[in-house]
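Okay, so here's the structure we're looking at.
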Amino acid sequence: EKPGLELAVVSVPSYACQRHTPLLHHNITLTDALSILADNAELGENEGRGVAFRRAAALLKSLPQEVRGAEQLRGLPCLGEHSLRVIKEVLEDGVSHEVETTTHSEQFKAMKALTGIFGVGAKTADRWFREGIHTPSDLQRSGHTLNRAQRAGLQYYDELNLPVTKSEAVAIGQIVESAVHAVLPGAEITLIGGFRRGKQTGHDVDFLITHPDEGREEGLMPKVVSWLEAQGFLLYQKTTGNSYLESKEGPARPASNMDRFERCFSIFRLSTDNEGRENQTGRENQTGRENQTGREIQTGREIQTGREIQTGREIQTGREIQTGREIQTGREIQTGREIQKGREIQTGDGPQTYSPTLTNTDPHTHSDSPHPLPQTLVVVGDHAQKVSWVLGHSQCSGPRSWRAVRVDLVVSPYSQFAFALLGWTGSKLFERELRRWAVHEKAMTLSSHALYDRKRTQYLRASSEEEIFAHLGLEYIPPCDRNA
Ligand code: 8DG
Ligand code: MN
Ligand code: MN
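Going from the sequence shown to the UniProt record's numbering is simple: count from 1 and add 82.
Spelled out as C-alpha cells, the structure:
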C-alpha cells in the first residue's frame, strides 16, 4: 500500500559527508519547509538551530525515495524533535503552521529582502528592520550611509537576485581565463561552488586559480583584478590578501571557517547581447579581443538577442517562468536566491534575460500580484534618482546590453589545491559536516588549506580530493553528490 516503508530499515549514516546527496531528490516539499525554518533561525542569529534544520533537510535529500508517512522515518538520524514535528505536519496537512507563519511574517520578509542586498548581513539587516526599514527602497530613502559593497548591492539589487545561468557562468569563466592567462600563463582555473556540484543556476560564480609552479601564484589576484578593471569587466571588487603565512594560528587552529587565501569578491559586468559579446567590455575600440569572444557567441545564448531583451514581453515572461513554481506552491516570499537553492529543475535553461524595465521588482511580493509595485513605478521628479536602483542603472535611459553578476575568485598555492577545491565546492553544510567528521571521528582538523592529524601530530598531504576522503576514512563522494 505504502511503497517505501522499507526506508525505516535502511540504515542511513548520520554525517552528510558519508552520504550521496544528489541535486535532484524526492522530498522537495519537506526540505523547502525545513530550509525556511533554517533561514529564519540564521537570520535570527540562532546558528545552532539553523544547522539542526539544515541537517534534517540534508538527511531527507539523501533518501532514495519520497517519504509518505512519518512511520517511515523511524530509526533515521538527524531528525530532531522540532524537525520531525514540522515534517509530520507537512505530511499530514500539506503545510506547516510554523512555516506559514514565518513566511508571512513582516520581520522574515524584511530580513530576507535586506540580507538579499550584497554586503548586508543579518546583524545590519536586523538593526535596519528595527528602525522601520523593511525593503531596499526603504533603505534607499533612509539616507543611511552605506559602505561600498552595500552601495553596489543596492544599485544592482534586482540583477544580483536573479539566478546566474550555467551559460553565463561559462561566459564569465572565459573572461576570467583571459585575465589569468594574460598575467600568468600556465595558471589553472577551476569552476567551483554550486556549478561544480552540477547546479544549473547559482547566486554567483566561483573560481579557484592555481599554478603548477608553487610560488608563481603569489600576488596574482591584484594583477588579475587590474587586468579585468582595465578591460571594463568589473563593477565592484574587494580583494583580500593571503594571510595564511603570516598567521600565527597555523592551519590546525583556524580562527574561523574563513580561510586565508588571496580572494576577490566582485561584481562583473557581463554583456548580454551578441553585439556586446563581440567585444565583451562594451568598450567599442578594444583591440585584439576577437579570440576571446568568437566562442562565446556560440554558447547557446540565442534567446539573448538584443531585440528580445528590449521587448517587455520577453522580460516579463522570464520573470514569470522563474517564479511560476513558487506561486503554485504558495511560496510567495521565495526570492531568486531561493530558486537557486536546489530549484534548478524549474529554472533549467529558461530565459536568461533580466528586467531592465519597470516591472515588479520586489522579490518578496511580486508573486502576490502580477502587477508592478507602485514603488517601482513612481519615477517622477525627485524620485527618479531614488528609485533608480530598481532599474539597476543610474539613468532611466532604456534597456542596456549587460547584466551584473557576482563572482568570487580564490587563489591557492598548488600544494593546497586539493584542500581548496574540496573546501570551496560546497555545499556549505557538506563542508561543515566534513570538518565535524574530521574532528569528532578522526581527531583531525580539516580546512581549505590542510588536514592535520592531531594524534600523529602531522599534516597529511593530498594532491586530490580522493586522497583527502581516504585520509578521513570516508568513501569518496563526487561533487554532484555533495548537494547536502
Ligand atoms: P550558490 O552560489 O549557487 O548559491 O551556491 P554555492 O556556490 O554552493 O555557495 P557559495 O556561497 O558561492 O559558496 C561556495 C562554497 O564556498 C561553499 O562551500 C562555501 C565556501 N566558502 C565561502 N566563503 C568561504 C571562505 O571564506 N572560506 C572557505 N573555505 N570556504 C568558503 O562561500
Ligand atoms: Mn556560488
Ligand atoms: Mn561564492
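We put the CB at the ideal spot given by N, CA and C, even for glycine.
Assign residue i to buried or exposed, taking buried as 16 or more other Cβ atoms, counted over all protein chains shown, within 10 Å of its Cβ.
{"i": "Q540", "result": "exposed"}
{"i": "Y534", "result": "buried"}
{"i": "G225", "result": "exposed"}
{"i": "R488", "result": "buried"}
{"i": "S308", "result": "exposed"}
{"i": "A134", "result": "buried"}
{"i": "V172", "result": "buried"}
{"i": "E547", "result": "buried"}
{"i": "A566", "result": "buried"}
{"i": "P561", "result": "buried"}
{"i": "H285", "result": "buried"}
{"i": "K537", "result": "exposed"}
{"i": "P267", "result": "exposed"}
{"i": "R335", "result": "Because R335 carries a pLDDT of 45, less than 50, the predicted location of this residue cannot be relied on, and the following value inherits that uncertainty. R335 comes out exposed."}
{"i": "residue 55", "result": "Since the first and last residues shown for the chain are 83 and 566, residue 55 lies out of range."}
{"i": "N243", "result": "buried"}
{"i": "T429", "result": "Confidence is the limiting factor: at T429 the pLDDT is only 31, short of 50, which leaves the residue's position unreliable, though a coordinate-based value still follows. The residue in question, T429, is buried, as its Cβ has 16 or more Cβ neighbours within 10 Å."}
{"i": "T227", "result": "exposed"}
{"i": "A532", "result": "buried"}
{"i": "S93", "result": "exposed"}
{"i": "R230", "result": "exposed"}
{"i": "A234", "result": "buried"}
{"i": "A525", "result": "exposed"}
{"i": "E344", "result": "buried"}
{"i": "P245", "result": "buried"}
Classify residue i as helix, strand or coil using the three-state DSSP reduction.
{"i": "residue 78", "result": "Beyond the ends of the chain as shown, which are 83 and 566, falls residue 78; an answer cannot be given."}
{"i": "Y541", "result": "strand"}
{"i": "F501", "result": "helix"}
{"i": "V258", "result": "helix"}
{"i": "residue 573", "result": "Because the chain spans 83 through 566 in this model, residue 573 falls outside it and cannot be assessed."}
{"i": "E408", "result": "Residue placement at E408 is poorly supported in this model, since its pLDDT is 29, which falls under 50; the coordinates still yield a value, given next. Helix."}
{"i": "R209", "result": "helix"}
{"i": "T183", "result": "helix"}
{"i": "T322", "result": "strand"}
{"i": "A566", "result": "coil"}
{"i": "A486", "result": "strand"}
{"i": "V493", "result": "strand"}
{"i": "V246", "result": "strand"}
{"i": "R345", "result": "strand"}
{"i": "D535", "result": "strand"}
{"i": "T527", "result": "strand"}
{"i": "G235", "result": "helix"}
{"i": "T227", "result": "coil"}
{"i": "E557", "result": "coil"}
{"i": "D240", "result": "helix"}
{"i": "D220", "result": "helix"}
{"i": "V202", "result": "coil"}
{"i": "G508", "result": "coil"}
{"i": "V252", "result": "helix"}
{"i": "V521", "result": "helix"}
{"i": "I215", "result": "coil"}
{"i": "D431", "result": "Confidence at D431 is low in this model, with a pLDDT of 34, below 50, so the placement of that residue is unreliable and no value is reported for it."}
{"i": "A334", "result": "Note that A334 scores a pLDDT of 45, beneath 50, so its modelled location is shaky; the value from the coordinates is reported in the next line. If DSSP states are grouped into helix, strand and coil, A334 belongs with coil."}
For residue i, is the beta carbon positioned less than 7 Å from some heavy atom of ligand 4?
{"i": "D240", "result": "Ligand 4 is absent from the structure shown, which contains only ligand 1, ligand 2 and ligand 3."}
Which runs of the alpha helix (DSSP H) fall wholly inside the segment 260-320 and span at least 4 residues, in chain order? Complete alpha helix (DSSP H) runs here, min 4: 275-278, 302-312.
Counting pairs of beta carbons, one from the segment 255-265 and one from the segment 236-246, are three or more of them closer than 8 Å? They do not touch, by the three-pair rule.
Residues around ligand 2, please: the condition is that the C-beta lies closer than 5 Å to some non-hydrogen atom of it. Those residues, listed in chain order, are G275, G276, G284, D286, D288.
Extract the residue ranges of the beta strand (DSSP E) inside the segment 96-174, only unbroken runs of 3 or more that lie entirely within it. Runs of beta strand (DSSP E) with 3 or more residues, each lying fully within the segment 96-174, are absent.
Pair every Cβ in the segment 115-124 with every Cβ in the segment 168-184, then say whether three or more of these pairs are closer than 8 Å. The count of Cβ pairs closer than 8 Å, one atom from the segment 115-124 and one from the segment 168-184, reaches three, so the stretches are in contact.
Measuring CB atoms only, is the segment 290-299 touching the segment 307-322, in the sense that at least three cross pairs come out at less than 8 Å? These segments do not touch.
Three or more beta-carbon pairs under 8 Å between the segment 139-153 and the segment 106-118, yes or no? Put simply, the segment 139-153 touches the segment 106-118. At least three CB pairs are less than 8 Å apart.
Counting pairs of Cβ atoms below 8 Å between the segment 126-139 and the segment 195-202, do you hit three or more? Segments in contact, no.
Between the segment 299-318 and the segment 489-506, do at least 3 Cβ pairs fall closer than 8 Å? Result yes; three or more Cβ-Cβ pairs closer than 8 Å.
Report yes or no: do three or more beta-carbon pairs, one from the segment 205-219 and one from the segment 148-159, lie closer than 8 Å? Short answer: they don't touch.
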